[in-house]
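Here the structure comes first, spelled out in structure tokens, and everything after it is commentary.
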Amino acid sequence: MGLGRRVLIGVVVAACGSFGPASAAPPSVDAAAAALRGGNASNAIVLATQALSDQSLTPRDRARVLVERGLAHEALGERDGALVDFTEAIGAHVLPGPEQARAFYDRGVTLDELSRPEEAVGDYSAALQLDPRYAAAFNNRGNAYRRLGKLDAARADYLQSLAVGNPRPEYPNFGL
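This is how it looks when you write it as structure tokens:
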């Protein structure tokens, strides 16, 4: 995994954080997120798997744990495991809009890494449907379009990524 992806996972984990008091998630749900934030992806997978065995988990908490485990699989370069977890979390249709958008985005990144850019475009587009100001999704969809030879679409996405205030303008600027 490249440094950019590791930084991105760290940013996503920091942005998502634990699910905090608003979700009233059981401690087992937050344990995987904490391990991942602490840089221990292997332990995050173990803790997430343990949490998923808890029959009292709400469907939303289950989806959240699946996203955390997917991010941990990603951090370890285990793309197939990440894809399964992100797909199950998305398919549950229980995450709030911004979290569902992040799950689509994360699955898009995994699909990109599996050399499946057409499918990645679909997931980045789904993320943008849920969050039309998702700068990273515009940037990554632009990257996928560029690899597919759709340069006009790529340019439009890079420019939109900048227009919505991408905090890392070097990425869309590099694409341009």
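Mapping the sequence shown onto numbering that gives the first Met the number 0, position 11 (from 1) lands on 10, and the numbers just tick up by one.
Yeah, the Cβ is synthetic: ideal placement off N, Cα and C, and Gly gets one too.
In this text the structure is predicted, and so the values were computed from the model without any measurement.
>> Please list the terminal residues of the continuous alpha helix (DSSP H) segment that includes Q54.
In response: No alpha helix (DSSP H) contains Q54, which DSSP labels as neither H nor E.
> Can you give the Cα-Cα distance for N165 and S55, rounded to whole angstroms?
Replying inline: 39 Å
> Rounded to a whole number of angstroms, what is the C-alpha to C-alpha distance between G69 and V83?
Replying inline: For G69 and V83, the gap between their C-alpha atoms comes out near 8 Å.
>> Buried or exposed for P20, going by 16 or more other Cβ atoms inside 10 Å?
In response: Reliability fails at P20, whose pLDDT of 39 lies under 50, so the model's placement of it is uncertain and the value that follows must be treated cautiously. So P20 ends up on the exposed side.
>> By the three-class DSSP mapping on this structure, what secondary structure does N42 have?
In response: In this structure, DSSP gives N42 a helical state, which the three-state scheme calls helix.
> From this set, S114, A62, G37, which residue's C-alpha is nearest V28's C-alpha?
Replying inline: A62
> What did DSSP end up calling A47 once you bin it into helix, strand or coil?
Replying inline: Helix at A47.
> To the nearest angstrom, how far is it from the Cα of S22 to the Cα of D60?
Replying inline: Confidence in S22 is poor, its pLDDT being 47 and thus under 50, which makes the residue's placement unreliable; the coordinate value appears in the next sentence. Each residue's Cα considered, the two are about 8 Å apart.
>> If you reduce the DSSP assignment to three classes, tell me which class P168 lands in.
In response: In the three-state reduction of the DSSP assignment, P168 falls in the coil class, being assigned neither a helical nor a strand state.
>> Going residue by residue through the stretch 59–147, where are the continuous alpha helix (DSSP H) segments of at least 4 residues, counting only ones entirely within it?
In response: List check, alpha helix (DSSP H) in window: 78–90, 96–112, 116–129, 134–146.
>> Using the three-state DSSP reduction, which class does V163 fall into: helix, strand or coil?
In response: It is coil, neither helix nor strand.
>> Cutting at 8 Å between CB atoms, please list the residues of its own chain near E169, excluding the five before and the five after it.
In response: none
> In this structure, does DSSP put V11 in helix, strand or coil?
Replying inline: Unreliable placement is indicated for V11, whose pLDDT of 43 sits below 50; the coordinate value is still reported in the next sentence. In this structure, V11 counts as helix in the three-state DSSP scheme.
>> Between which residues of its own chain and V120 is the CB-CB distance below 7 Å, once the five residues before and five after are set aside?
In response: Shown here for V120: same chain residues with a beta carbon closer than 7 Å to its own, the five before and five after excluded, namely R140, A143, Y144 in chain order.
> For L105 versus F85, is the C-beta distance shorter than 8 Å?
Replying inline: In the sequence as presented, Leu is not what sits at residue 105; that position holds Asp. Yes, they are a contact pair.
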